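Undergrad: To start, I am sharing the structure in question, which I have written as structure tokens.
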Amino acid sequence: MFSLNVSKSISDTDDSPTHVIQTKIPYAYFGIFDGHAGCGAALMAVNQLHIHIMEKLQGIRDLLAHESDEELAMAEELAEAVVSSVTIDSLVIGTLEEAFFEMDEQIRREKVTYRIDGGCAALVALFLGKRLYVANAGDCRAIVAHKGKVIALSRDFTPETERQRLQLLAYQRPQLLGNEFGRLEFQQRARKKHIGQQLLYRDRHMTGWAYKTVTEEDTRKFPIINGEGKKARLLDTIGTTRGFGDHDLKVSFCSLPIKPFLTPQPEVSSNNSLHFALKSLENSNQYVIIKA
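Just so we're aligned, residue 1 is where the sequence shown starts under UniProt numbering, counting upward by one.
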């Protein structure tokens with residue numbers, strides 16, 4: 001258990017002297033890092049991610065001292081703000097997002113000097129005061145177990161769940177696919193016998209399926225996403241699309257870099273977004289949060 005030490009100035013009336021009081025904001029951090037292709041990135045995250053998060057929290061500690069979003073909006077630091085939607089949750093979410101990106105950049109920078117192999121999915125639970133934040137980048141999971149009931153606190157990031165993001169990136173930067181892969185996903189593998197015929201397909205802008213007339217180019221390329229469920233693979237190589245590391249990961253048969261499609265950006269769930277999941281537990285301390 002750690003705490004943020006905050007000095008807060010208060011006065012009873014406009015004419016009374018200002019008093020400075022010291023407050024502590026307790027916080028606890030738990031993380032799980034699932035490594036692949038080596039343990040280097042996971043070990044680096046185990047030893048360093050909490051440091052990035054603590055440094056970022058120290059930077060906003062005075063803002064976190066405010067007990068509500070309404071009180072925060074009146075803070076002197078935000079007096080000249082042009083954006084009025086800053087909340088306590090958004091400050092902590094931004095802190096976690098920035099810390100995840102800095103962690104991945106540290107791995108990229110230091111692997112030049114040290115051996116930091118592989119990559120890892122990352123899942124963090126941060127208890128800050130009376131608030132809970134769950135930050136997930138990858139396919140680890142956090143759940144609440146309560147009286148035989150299981151409530152999900154995170155969702156997986158796989159080639160399937162991130163299909164549209166991956167296809168959009170491939171559309172914007174087609175050079176990332178080389179000459180071996182195609183952006184479109186067909187309901188079945190497009191082969192030469194299908195040229196001129198219609199097959200069901202999906203693209204970056206589609207959540208459903210539509211028909212497309214198959215061209216010769218469609219049959220010459222592997223799909224950017226192959227397989228489904230736990231067998232889904234990005235560029236026929238990796239089954240998760242977020243996390244740390246993998247800076248040197250390449251497609252085995254063509255040496256195409258995969259890192260441009262991967263991101264350390266976490267999805268952060270806060271008290272507000274977890275409200276419905278945790279509502280039934282408000283009056284109970286007999287529950288457990290499991291991460292795996």
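C-beta: ideal position from N, C-alpha, C; glycine also. All figures in this text were calculated on a predicted structure; none of them were measured in a lab.
Are the CB atoms of F222 and G182 nearer to each other than 8 Å?
TA: The answer is yes: Cβ separation under 8 Å.
Undergrad: Quick one: residues in its chain with C-beta nearer than 6 Å to the C-beta of E162, no 5 flanking neighbours on either side, listed in chain order?
TA: The answer, listed in chain order, is T241.
Undergrad: Would you kindly work out how many angstroms separate the C-alpha atoms of V112 and S84, rounded to a whole number?
TA: Distance between the alpha carbons of V112 and S84 is about 42 Å.
Undergrad: Ignore the nearest five residues each way along the sequence and tell me which others in A232's own chain have a CB closer than 8 Å to its CB.
TA: Answer for A232: T158, P159, E160, I225, N226, G239, listed in chain order.
Undergrad: Using the Cβ count rule (16 or more neighbours within 10 Å means buried), how would you classify H205?
TA: With fewer than 16 other Cβ atoms within 10 Å, it is exposed.
Undergrad: Give me the Cβ distance between V6 and D62, rounded to the nearest whole Å; I'm assuming they're in contact under 8 Å.
TA: Confirmed, about 6 Å.
Undergrad: Check S7 in the structure and name its three-state DSSP category.
TA: Three-state result, S7: strand.
Undergrad: By how many angstroms is the C-alpha of G40 removed from the C-alpha of R115?
TA: Their Cα atoms are separated by approximately 7 Å.
Undergrad: By Cβ distance below 7 Å, which residues in the same chain neighbour Q48 in space, the five residues on each side in sequence not counted?
TA: So the list reads M103, Q106, once near-sequence residues are dropped.
Undergrad: Rounding to the nearest angstrom, what Cα-Cα distance links T237 and I195 in this structure?
TA: Their Cα atoms are separated by approximately 27 Å.
Undergrad: On the criterion of 16 or more Cβ atoms from any shown chain inside 10 Å, does M44 qualify as buried, or is it exposed?
TA: Answer is buried; the Cβ neighbour count reaches 16.
Undergrad: Roughly how many angstroms lie between the CA atoms of R220 and F2, to the nearest whole one?
TA: Near 56 Å, if we compare the C-alpha coordinates of F2 and R220.
Undergrad: With burial defined as no fewer than 16 other Cβ atoms inside 10 Å of the residue's Cβ, what is the status of I51: buried or exposed?
TA: Exposed is the call here.
Undergrad: Entirely within the region 124-177 and at least 4 residues each: give me those alpha helix (DSSP H) ranges in chain order.
TA: You should have 163-172.
Undergrad: Below 8 Å between beta carbons: does that hold for I93 and V268?
TA: Yes, these two residues count as a Cβ contact at 8 Å.
Undergrad: What residues match up with I238 in a beta bridge as DSSP calls it?
TA: Per DSSP, L234.
Undergrad: In the DSSP output, what is G119 paired with across the bridge?
TA: For G119, which the question treats as bridged, DSSP gives the partners H36, G245.
Undergrad: When the Cα atoms are used, what is the spatial distance from D89 to G148?
TA: Taking the straight line from one Cα to the other gives about 30 Å.
Undergrad: DSSP state of R202, grouped into three classes?
TA: Looking at R202 - three-state DSSP - the assignment turns out to be strand.
Undergrad: Taking only three categories from DSSP, how would you classify G31?
TA: In this structure, G31 counts as strand in the three-state DSSP scheme.
Undergrad: Taking its Cβ as the centre, do 16 or more other Cβ atoms sit within 10 Å of E76, making it buried, or is it exposed?
TA: That one is exposed.
Undergrad: Confirm, please, whether the CB-CB distance from L72 to H66 is below 8 Å.
TA: Cβ distance < 8 Å, so H66 and L72 count as in contact.
Undergrad: State the beta-bridge partners of Q22 as determined by DSSP.
TA: According to DSSP, which records beta bridges pairwise, Q22 is partnered with S7.
Undergrad: Roughly how many whole angstroms lie between the Cα atoms of T263 and E97?
TA: T263 and E97: Cα-Cα distance of roughly 11 Å.
Undergrad: Taking the alpha helix (DSSP H) that A73 belongs to, which residues open and close that run?
TA: Note, A73: alpha helix (DSSP H), 69-73.
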